[in-house]
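Taken in sequence, the protein lines are chains Y and B. Under this note's numbering, the first residue of the first sequence is numbered 37, with each subsequent residue one higher. Under this note's numbering, the first residue of the second sequence is numbered 776, with each subsequent residue one higher. C-beta: ideal position from N, C-alpha, C; glycine also. Accompanying notes for the structure given below.
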Amino acid sequence: MELNTQVAIIGGGITGVGIARDLAQRGIEFILIEKGDLANGASGRNHGYLHSGARYAVNDPEAAGECIRENRILKKIAPWCIEDTGGLFISLPEDSGTFRDQFLRCCEKIGIPTKRLAPSEALDLEPNLSHDITHAIKVPDGAIDPFSLVFANAEEAGQYGKEILTRTALTRLIQNGGRITGVEASNLETGEPLTVRADFVVNAAGAWADHIARLAGVSFELELSKGSMLVTNRRVSTRVIHRCRLPSDGDIVVPNHTVSILGTTSVKTRDLDGLSVEPGEVSFLIDQTSKMLPCLREARYIRAYAGVRPLFKAGSGQDSRELSRGFTLLDHGPGDGVKNFITITGGKLVTYRLMAEKTVDLLCQKMGLDIPCKTHLTPLSRPKGASQGLGEHLDKLGREAEGPGSEIVCDCELITRAELEEALRGISPRSLREALHRTRLAKGTCQGAFCSYRLLGILHSMGQVNGADSRTQLREFLEERWKGVRPVLWGDQLREHEFIGEIYLGILNLDKAR
Amino acid sequence: MKHYDVIVIGMGLAGLMAAKAAVERGKSVLIMGKGVGTAHTHTGCIDLLGYYPAGSVDPVHNPLQSLIRLMEESPNHPYARVGEADIRKALTSFLNVFNGGNYAYLSRGEENTITITPCGSTRPTYLFPSTMEWGGIEDAGDLLIVGFDGLKDFYSPSIAHNLASLREAGRISFKVRSISLPLSRFSDRRMAPPPVLGRLFEDHGFRDKIAQGVRAELKGEERVAFPAVLGIERAHEVKRELEARLGARVFEIPTLPPSVPGYRLFQVLKRNLQERGVTVIMGFSAAEATVREGTCLQVTVLRPPIQRSYSADLYVLATGRFAGGGLAVRGDRIVEPMFGLPVHQPFSREEWFRVRFFSDKPHPIEGFGVMVNEQLNPVDDHGNVAVNNLRVAGAILSGCYGLREKSGGGVAIATGYTAGKGEFH
């Protein structure tokens, strides 16, 4: 198959789909290629933390400024995927007062509103906090649903299978006389080759960006740093809780839907595929975060996962955490002699829109177009089947309790059959995982004990699996879930795991039956 | 302090069988349990040995024959501790509980039966309740599978679809079709979990409407399968009546938990013990054992504000694994919390699980547990007896991969019975 377009985008993370939406708004044609599902990399593997910028106020004021501006824009254009929880930076007796003063000064200078609270006031707001806290500072942090944000941008930008091609891997960058003129790719489901002729190619491949650039003979260094996160079975705080010190490991707890997410570690890695969370990281995270929230020592953990932060390495010899979280836009024409090829890398989830704006501004300039960006002005619609805020969700359940499809499929997360069917409608069986990222199915306390089986029945009744495939689907789904569960299996979660074993190995015989 | 000949701790299949063996020998018996063991999480069938070795994917044909090989090759397996003669005696003892009742346990001679699971896969088992008779894939006769919109954990179209692919592969001879009846047509409920449906089926009017509804859908099928909810106390009667009304053989396919056939099994065994004069204490919050110099002196039941102690000549521990509370994790170690018995386990937590969930081999943690000698006394790594008047039975034992081998029921019956009867080969 051969396609023609103005811009080819490599990568279906938040950066890629953000660029796609911006291009679509400015009336520029594009085709986006993603080798896996959307939000496959760091976009789907983070805290779901809506930065206020405070975290970087001291050591990276530039990134912090971008964060607070984009924080405000996102709250305006996509309030449905944000929980405006607010955040608390807390100090423990061993934390430096000098840093705290500097933190307050920097926040003020950048324009991040702060409010100092007495320890007793903070404990009134967050009773699970350690009683040893000496200071607390309120900041406008929040929680964000990264999957919904990615799907919303993608759905507004174009159609799946037309402009947005997932499970399509780049095989070659087509070069002609020192300029990139398109890409060759391969459909991973059908094996069909694809050629996309494009005026420009944007490399938004996140942690894979250096691999892509190398296909054009361009080299730069990305430092990859693995961050592991732990998920509790309930919310332990209503606000984002953060240690008031220089950013370091195990210093943040983000409330997210019905759970809290503990983060994070920072381990240099070269491996992008076989990411696993080590038992030592689990112990470390619990140890560190429980200094802020002592209940975390005895909490029930239901899942662990890891993501990779790609950090563009400007100099050498720096610790990865010290590198700027601000983003880098590379025009490979002047620097590397490869024209019409742009790499956008680094950045934060919260600054994705700004990264897209700058990228598309550069493309417009190269195309000789003068079309202003509007992505910060136009509201972003909620994607189909997206999970909602808890209150809104309960409201809806109450209203529709008797209607067709109102039966609860996932008892932990209260997902109805109708909601699940909406998320699954029309998806290819290979994209089951992506479809499920749109819901909170199997993300609750029971970790899929019942709903995995129910999912199979529902897929079947929708005609979306055939007999031979269905058990394989169920096995794959449980296998995927296993990756996250394995690092946290002890205590109550081990009992839950035994129960799941009794169902899927015992009753259903899934380990044997062919 | 009240004294008994035998105190059994744990009310799963192993504990119930231990109490039965003891009371049959004229002992005074107390059985105490937190709940109903794993009764609600299994199929209601009794597995003896479905696969051997544990990683094999080919079902065992004759489990009693394969057991002999297992006992030779795995001397630490609980079956090997008990021995063939006592395994057979234990199974007979189990079957005798149902003598004279209509709800019986059956087998296909000495062979395994291949049953149908709620996802349409197949699964070997040894003993099955009479409500599941004619439900093997070896049985002949075209099949209609009945499900209910309103029973979430039983999707009849998905089962039928998977069986159809077995037919295409030449593994079954019969044709399969499914229907799903809206529950609201037959009752004032839209949704019902298995135990509630089980109660509904005991109601004559409900059953009658279901029979009419299914009969209208029959297209000459000789067999009709229902989810395993055909009554709780009178399942056999429900099945017979449906068969008469439908003119077809009726059998049950297990559901996801809570399992009605599992609960029936528990009830029959418990009632049998009570009729024989066994004292039953259910729902205690915690029990403590007092052990001095390797002898258990008493166990204490904590039911705040009441705390009572009981003593016995012999104690049987059958508290299950993690879900039952028989095993627990303290820090990075697996412990037996009541007696503090030695637990066979590898050095580090990192070795508990394999990287893949559906690994060919069992996860190492599945084989950890309490080690016992041939008298089923708990022992340490060197074979020293930890508590001399204690015997251990059921899933808590090490050396057995019950979920993979499909041997859980048989191990519970064999070790429970042997621990309770107090005589050894």
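Neighbour flag for residue i against chain B, beta carbons, 9 Å
i              : result
residue 520(Y) : no
residue 551(Y) : This structure does not reach residue 551(Y), given that chain Y is present from 37 up to 550, and the question cannot be answered.
residue 456(Y) : no
residue 154(Y) : no
residue 542(Y) : yes
residue 486(Y) : yes
residue 547(Y) : yes
residue 434(Y) : no
residue 338(Y) : no
residue 320(Y) : no
residue 417(Y) : no
residue 497(Y) : yes
Residues near residue i by beta carbon distance below 6 Å, same chain, minus five either side
i               : result
residue 1116(B) : 1145, 1153, 1161
residue 839(B)  : 885
residue 443(Y)  : 453
residue 1046(B) : none
residue 208(Y)  : 220
Status (buried if at least 16 other CB within 10 Å, exposed otherwise) for residue i
i               : result
residue 562(Y)  : Residue 562(Y) is absent from the model: chain Y starts at 37 and stops at 550.
residue 979(B)  : exposed
residue 415(Y)  : exposed
residue 1125(B) : exposed
residue 401(Y)  : exposed
residue 1214(B) : Examination of residue 1214(B) is not possible in this model, given that chain B is present from 776 through 1200 alone.
residue 129(Y)  : exposed
residue 983(B)  : exposed
residue 1123(B) : exposed
residue 910(B)  : buried
Distance, residue j Cα to residue i Cα
i               : j               : result
residue 517(Y)  : residue 192(Y)  : 30 Å
residue 255(Y)  : residue 190(Y)  : 29 Å
residue 347(Y)  : residue 243(Y)  : 8 Å
residue 437(Y)  : residue 970(B)  : 22 Å
residue 216(Y)  : residue 1120(B) : 59 Å
residue 879(B)  : residue 1025(B) : 15 Å
residue 63(Y)   : residue 316(Y)  : 50 Å
residue 222(Y)  : residue 70(Y)   : 10 Å
residue 1163(B) : residue 845(B)  : 28 Å
residue 955(B)  : residue 908(B)  : 22 Å
residue 183(Y)  : residue 476(Y)  : 11 Å
residue 902(B)  : residue 843(B)  : 19 Å
residue 1101(B) : residue 260(Y)  : 44 Å
residue 177(Y)  : residue 340(Y)  : 23 Å
residue 173(Y)  : residue 268(Y)  : 24 Å
residue 230(Y)  : residue 210(Y)  : 12 Å
residue 545(Y)  : residue 265(Y)  : 32 Å
residue 1010(B) : residue 205(Y)  : 57 Å
Test: residue i CB closer than 9 Å to a CB of chain Y
i               : result
residue 887(B)  : no
residue 960(B)  : no
residue 937(B)  : yes
residue 1178(B) : yes
residue 894(B)  : yes
residue 807(B)  : no
Whole-Å CB distance - residue i paired with residue j, under 8 Å assumed
i               : j               : result
residue 977(B)  : residue 1008(B) : 7 Å
residue 548(Y)  : residue 804(B)  : Contact doesn't hold; Cβ gap of about 38 Å is too wide.
residue 829(B)  : residue 1137(B) : 5 Å
residue 263(Y)  : residue 343(Y)  : 6 Å
residue 1087(B) : residue 798(B)  : Not really, about 13 Å apart at Cβ, beyond 8 Å.
residue 162(Y)  : residue 275(Y)  : 6 Å
Same chain, Cβ closer than 8 Å to residue i, neighbours up to 5 away in sequence not counted
i               : result
residue 835(B)  : 824, 825, 826, 827, 841, 887, 899
residue 1043(B) : 872, 873, 876, 878
residue 320(Y)  : 285, 286, 301
residue 258(Y)  : 243, 245, 246, 346, 347, 348, 349, 381
residue 283(Y)  : 91, 92, 95, 357
Contact set for residue i: own chain, Cβ-Cβ below 7 Å, skip 5 residues either direction
i               : result
residue 985(B)  : 961
residue 1165(B) : 1071, 1090, 1092, 1114, 1152, 1153
residue 1032(B) : 815, 816
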